[in-house]
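Notes follow the structure.
There are 2 protein chains.
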Amino acid sequence: MAVTIRDVARASGVHISTVSRTFSAPHLVNPETRSRVLATAEQLGYRPNRAARALITGRTHNIGLIVADIANPFFPPLIKAAETHARRRDYHVFVADTDEDPIVEADLVQALAKQVDGILLCSPRMSDDQIEQLRREVPLVVINRMITGLPAVVMDVGQGARSAVRHLLDLGHRHLVYLSGPRGSWTNQKIRQAAGATARAAGAELTVLGPHQPVSAAGAAAAEAVLATGATAVLAYNDLMAIGLLQALQDRDIAVPGQVSVVGIDDIAASELVRPQLTTVANPTAAAGRAAVDMLLQQGDDGSTGQINLHTDLVIRNSTGPGPFLPAGATTAEVAAYVKE
Amino acid sequence: MAVTIRDVARASGVHISTVSRTFSAPHLVNPETRSRVLATAEQLGYRPNRAARALITGRTHNIGLIVADIANPFFPPLIKAAETHARRRDYHVFVADTDEDPIVEADLVQALAKQVDGILLCSPRMSDDQIEQLRREVPLVVINRMITGLPAVVMDVGQGARSAVRHLLDLGHRHLVYLSGPRGSWTNQKIRQAAGATARAAGAELTVLGPHQPVSAAGAAAAEAVLATGATAVLAYNDLMAIGLLQALQDRDIAVPGQVSVVGIDDIAASELVRPQLTTVANPTAAAGRAAVDMLLQQGDDGSTGQINLHTDLVIRNSTGPGPFLPAGATTAEVAAYVKE
DNA sequence: GTGAAAGCGCTAACAG
DNA sequence: CTGTTAGCGCTTTCAC
Chain A
33 MAVTIRDVAR ASGVHISTVS RTFSAPHLVN PETRSRVLAT AEQLGYRPNR AARALITGRT
93 HNIGLIVADI ANPFFPPLIK AAETHARRRD YHVFVADTDE DPIVEADLVQ ALAKQVDGIL
153 LCSPRMSDDQ IEQLRREVPL VVINRMITGL PAVVMDVGQG ARSAVRHLLD LGHRHLVYLS
213 GPRGSWTNQK IRQAAGATAR AAGAELTVLG PHQPVSAAGA AAAEAVLATG ATAVLAYNDL
273 MAIGLLQALQ DRDIAVPGQV SVVGIDDIAA SELVRPQLTT VANPTAAAGR AAVDMLLQQG
333 DDGSTGQINL HTDLVIRNST GPGPFLPAGA TTAEVAAYVK E
Chain B
33 MAVTIRDVAR ASGVHISTVS RTFSAPHLVN PETRSRVLAT AEQLGYRPNR AARALITGRT
93 HNIGLIVADI ANPFFPPLIK AAETHARRRD YHVFVADTDE DPIVEADLVQ ALAKQVDGIL
153 LCSPRMSDDQ IEQLRREVPL VVINRMITGL PAVVMDVGQG ARSAVRHLLD LGHRHLVYLS
213 GPRGSWTNQK IRQAAGATAR AAGAELTVLG PHQPVSAAGA AAAEAVLATG ATAVLAYNDL
273 MAIGLLQALQ DRDIAVPGQV SVVGIDDIAA SELVRPQLTT VANPTAAAGR AAVDMLLQQG
333 DDGSTGQINL HTDLVIRNST GPGPFLPAGA TTAEVAAYVK E
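Chains as they are written, first to last, in my numbering: chain A, 33 to 373; chain B, 33 to 373.
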């Protein structure tokens, strides 16, 4: 059996409560006794049992982090930052993957509820109602979603999408495609709205294709549909889809950005590794992870329910350029033909 | 306050031990009582407190998963598979990141020890001694490392490296480079040995460059050094480095595979997304994650300490091809000149 | 089949 | 400053 507080008490000739205090309220114990206790504890290899402590204090010093898909490269930097940040504050983190399934998501929150001091919900696919329901069982901080009254950290993809579309418009593109993401994604809606509004305001056309799974294969599979629209530029829900599209276009000998420009969102590591390097909207995922942890841990102290909006940046690389040179006033059909050829 | 076993007992008119039994040993309780208890529990929203249960049973139903770097794309598929598999067996998983630091690694094991039933150590950077030491505090399963007497799951990179080198030799390459990984990596040693032995046996030359951090920037930074060796083919410690090298070579107008062939290891998602697509050794990371979880959970039952060796597969894509065409018997210097030009 | 009681490892009043 | 006592939520003997 592992060494307990009792063993330390016996070995150092004090009562167990003194040992307890040595660890949980050191200032309440005589420096001499303290160092003696600490010494024997060290020697015996004693480590407080957090679970037992949690039982009485009500604080587990654990947090939960629920994401849609660990293997989606968008999440790991966020997970890493959150975990490192939490550990620095002496918290351990449970990580769980919902596989984009809202039911699994809800189950997970409930299963974890008793073992954690709070949960970070990353890009949740549940309904607002469900989230508010669960919030009564356990403190929640939501990432990449805005729900009134709920603490949240969002990366301002709306603004990112606007920058991206403006960039495309500045290059002369008049017909864009938005390759939309999965159903139930709050982010997806925001991007779509922002992109649509920006294009419309400039008198340009924006065709929405989707929904799609947020993976590269979906981007690749959409290539034909994209070409069929006759658009000369594409904004994708995320980099994965953008990269899939990029390669599928090149495999069809469509030049990027010569004939079609492509913009992604997220700035995952791979977007710098592909050629042409992907123009994309950089999301501060690591900062978001840290901010969310801070928010969750503060929630206990005061009852604050702030909402943080993190700035996103358009990173212009080599997958965007001027639209194909066409006679002014060409019809959509002509553009399509031109692009396809 | 949350609803406890006591609330359920009161509400259903039975003693708390009956409620307890209803959840932990249902067969010991009258079916009628059981369903009544279950009903009120359901209605009150009761969920057993695992921490309290763990205190007495000694089983937390949690496991720890410690990896070198969550953001390294090699790990997320493994983490995902392990987490999903564990959850299916009703286990939650703590994920932690050591940032490639053996000290952090050891601390983490000790910090997690009391809260878990066991820990999965993924590509540990600690010494064998340290690991064996820690093993006495908590059940351990090691992934990607072989230590006698310790349960382990390894992906057979040695065999993978042999296949890769043979593939290169078959294409006619006579001088190879191994771009080695981080110090302290067991995998790195295995690859190096296997690659060296295979090359030597065929009378070919293998130059080892390194150590390197296992990131794409390190691969890119090694481009000059690689060219300076005059080798016509490179095996890299992992795909990230291989991809970095790939791009750096192309940026210098060195054709891949025309002038230099490049092989990676891992088969991360990005290796299929870059052009040319990367020839690489596919590691069954997801299978490894699941196997390790199974091993850890069985360890409690019997005292088995098996070691599983998972097969790796060479995936031939487009970054490898015949070496540059040269007059037979060209000197190394000539080859270097040719390749550089 | 169910209740009573003890106790897992620890903290939190309360005395002294 | 330190010891005493009660008890967090739950399981597990042991009687009945």
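Quick reminder that beta carbons are idealized off the backbone N, C-alpha and C, glycines included.
Legend: CB atoms of the stretch 246-273 of chain A lying less than 8 Å from CB atoms of chain B belong to residues Ser248. One Cα belongs to alanine 234/A, the other to alanine 100/B, and the distance between them is close to 48 Å. By the neighbour-count criterion, in which a residue is buried when 16 or more other Cβ atoms sit within 10 angstroms of its Cβ, histidine 244/A is buried. Taking all protein chains in view, the Cβ of serine 351/A is crowded by 16 or more other Cβ atoms within 10 Å, so the residue is classified as buried. Note on the stretch 185-259 of chain A: whole beta strand (DSSP E) runs with a minimum of 3 residues are 207-211 and 237-241, in chain order. Note on geometry: alpha-carbon atoms of leucine 267/B and alanine 250/B lie some 14 Å from one another. Note that the C-beta distance between valine 313/B and valine 189/B is below 9 Å. Serine 303/A carries a helical assignment under DSSP once its states are collapsed to helix, strand and coil.
Short of 8 Å from the beta carbon of arginine 307/A, and not among the five residues preceding or following it, lie these beta carbons of its own chain, in chain order: Asn350. Membership of glycine 276/A in any beta strand (DSSP E) is not indicated; the residue belongs instead to the alpha helix (DSSP H) covering 271-283. Distances from the alpha-carbon of leucine 328/A to those of Ile95/A, Pro105/A, Ala57/A and Ala196/A put Ile95/A closest. The beta-carbon distance between alanine 193/A and alanine 227/A, rounded to whole angstroms, is 5 Å. This is short enough to meet the 8 Å contact definition. Per DSSP, the continuous beta strand (DSSP E) segment holding aspartate 129/B begins and ends at 124-129. Within the same chain, Cβ atoms closer than 6 Å to the Cβ of histidine 205/B are found at Thr264, Ala265 and Gly355, the five residues on either side in sequence being excluded. In the three-state DSSP reduction, glycine 296/B falls in the strand class (E or B). Judged by DSSP in its simplified three-state form, threonine 36/B adopts coil rather than helix or strand. Residue Gln147/B holds the alpha-carbon nearest to the alpha-carbon of threonine 89/B among Gln147/B, Val173/B and Leu200/B. With respect to leucine 310/A, isoleucine 275/A sits close: the two C-beta atoms are nearer than 9 Å. Per DSSP, leucine 97/B lies in no alpha helix (DSSP H); the unbroken beta strand (DSSP E) holding it starts and ends at 94-99. Residue Arg224/B holds the alpha-carbon nearest to the alpha-carbon of alanine 196/B among Pro171/B, Arg224/B and Val185/B. Going by C-alpha positions, glutamine 339/A is about 10 Å away from isoleucine 175/A.
In the DSSP assignment, alanine 265/B forms a beta bridge with Leu208/B and Ser293/B. Cβ proximity to chain A below 9 Å picks out Glu169 from the stretch 154-185 of chain B.
What asparagine 81/A touches in chain B, judged by beta-carbon distance under 9 Å, is Leu87, Lys146 and Gln147, going in chain order. Rounded to whole angstroms, glycine 296/B and glutamine 142/B show a C-alpha spacing of 35 Å. Taking a C-beta distance under 9 Å as the contact criterion, proline 108/A and aspartate 298/A do not qualify as a contact pair.
Around the beta carbon of threonine 261/B, 16 or more other beta carbons lie within 10 angstroms, which makes this residue buried. The alpha helix (DSSP H) runs lying completely inside the stretch 64-122 of chain B and spanning 4 residues or more are 82-89 and 107-120, given in chain order.
With respect to the C-alpha of glycine 216/A, the residue from Thr116/A, Arg157/A, Leu238/A and Pro58/A having the closest C-alpha is Arg157/A.
Across the set Glu304/B, Gln279/B and Ala229/B, the C-alpha of Gln279/B shows the shortest separation from the C-alpha of valine 292/B.
Around the C-beta of aspartate 283/B, fewer than 16 other C-beta atoms lie within 10 Å, and the residue is accordingly described as exposed. When the beta-carbon positions are compared, histidine 343/A and phenylalanine 126/B stay at least 9 Å from each other. Assignment of threonine 317/B by DSSP, reduced to helix, strand and coil, places it in the helix class. Our two residues, leucine 259/B and glycine 290/B, have alpha carbons roughly 14 Å apart in a direct line. Residues of the stretch 110-123 of chain A whose Cβ lies closer than 8 Å to any Cβ of chain B, in chain order: Ile111, Lys112, Glu115, Thr116 and Arg119.
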